[in-house]
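Here's the structure, in structure tokens; my notes come after.
Residue numbers (this note's numbering): 20 to 246.
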């Protein structure tokens, strides 16, 4: 479950290049068949009732406009991406850091969101432990997971390794080749069952899954009397 640090740096640099090129949102919307937008909207609706939210791996801040009245703490290892999100939200705070070592007190945020970033963490189990330490109530994770079904796992792998990069290059040109990183991060990703096992003090409230769990929203709520 641990990603090599040099490889992790390449992932971050690749995302920065894509965002700078201005094609990040458009390409992801197409290759996800607009499901990324749907899941982002749904995440906003789930956590909107909480006062303080940590958006872990916030990137350029695409979730911020879904939470106009919430206090949002944006956490990302990339200063480049944090700068892009800085002026998008009147109640946001920005921290350059990693999910494996969140610089916040225990139980200091009401909810945590993690949209398409969990698979890119160096140590997902350590990040999960940090989430459980920092959050009071709820965690929403949206990401790509390995389907339990071998056939669906093969379909997902073929889509990410061949079809998605071709679509990206058709839309964005040469920079679209950066989407090949999707397949590499997918190979390192866990299954939904493994994710659930990580969050031992939480129960699953809602799960939205496509293609046998390949693209999923996992909504976790802390079990009462557990901390």
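The beta carbon of each residue, even a glycine, is placed where N, CA and C say it ideally should be.
Just so we're clear, the structure is a prediction, and the values are computed from it rather than from any experiment.
Subject >> Coil, strand or helix - residue 24 by DSSP >> reply: Of the three classes helix, strand and coil, the one that applies to residue 24 here is helix, per DSSP.
Original post:
Apart from the five residues just before and just after residue 155, which ones in its own chain have a Cβ nearer than 6 Å to its Cβ?
Top reply: 126, 129
Subject >> Close beta carbons around residue 183, own chain, < 7 Å, minus the five adjacent residues each side >> reply: 50, 198, 201
Subject >> Exposed unless 16 or more other CB atoms sit within 10 angstroms - verdict on residue 25 >> reply: exposed
Original post:
Hey, how far is the Cα of residue 150 from the Cα of residue 223?
Top reply: The C-alpha of residue 150 lies about 15 Å from the C-alpha of residue 223.
Original post:
When the Cα of residue 230 is compared with those of 180, 181, 176, which residue comes out closest?
Top reply: 176
Subject >> For residue 22 and residue 104, the rounded distance between their alpha carbons >> reply: 26 Å
Original post:
Per the contact definition of three or more C-beta pairs closer than 8 Å, is the region 139 to 149 in contact with the region 114 to 124?
Top reply: yes
Subject >> Proximity to residue 123 [Cα-Cα], best of 217, 137, 152, 204 >> reply: 152
Original post:
Leaving out the 5 sequence neighbours to the left and right, which residues in its chain are closer than 7 Å to residue 208 when beta-carbon positions are compared?
Top reply: 138, 163, 164, 165
Original post:
Residues in its own chain within less than 7 Å of residue 70 by CB, not counting five upstream and five downstream?
Top reply: 89, 90, 129
Subject >> For residue 107, the three-state DSSP class (helix, strand or coil) >> reply: coil
**OP:** Look at the alpha carbon of residue 236 and the alpha carbon of residue 213, and state the distance between them as a whole number of angstroms.
**Re:** 14 Å
Original post:
Would residue 36 count as contacting chain B if we go by Cβ distances under 8 Å?
Top reply: Among the protein chains of the structure shown there is no chain B, as only one such chain exists.
Original post:
Terminal residues of the continuous beta strand (DSSP E) containing residue 72?
Top reply: 71 to 75
Original post:
Which parts of the region 163 to 238 are runs of the beta strand (DSSP E), unbroken and 3 residues or longer, counting only runs that do not cross its ends?
Top reply: 221 to 229
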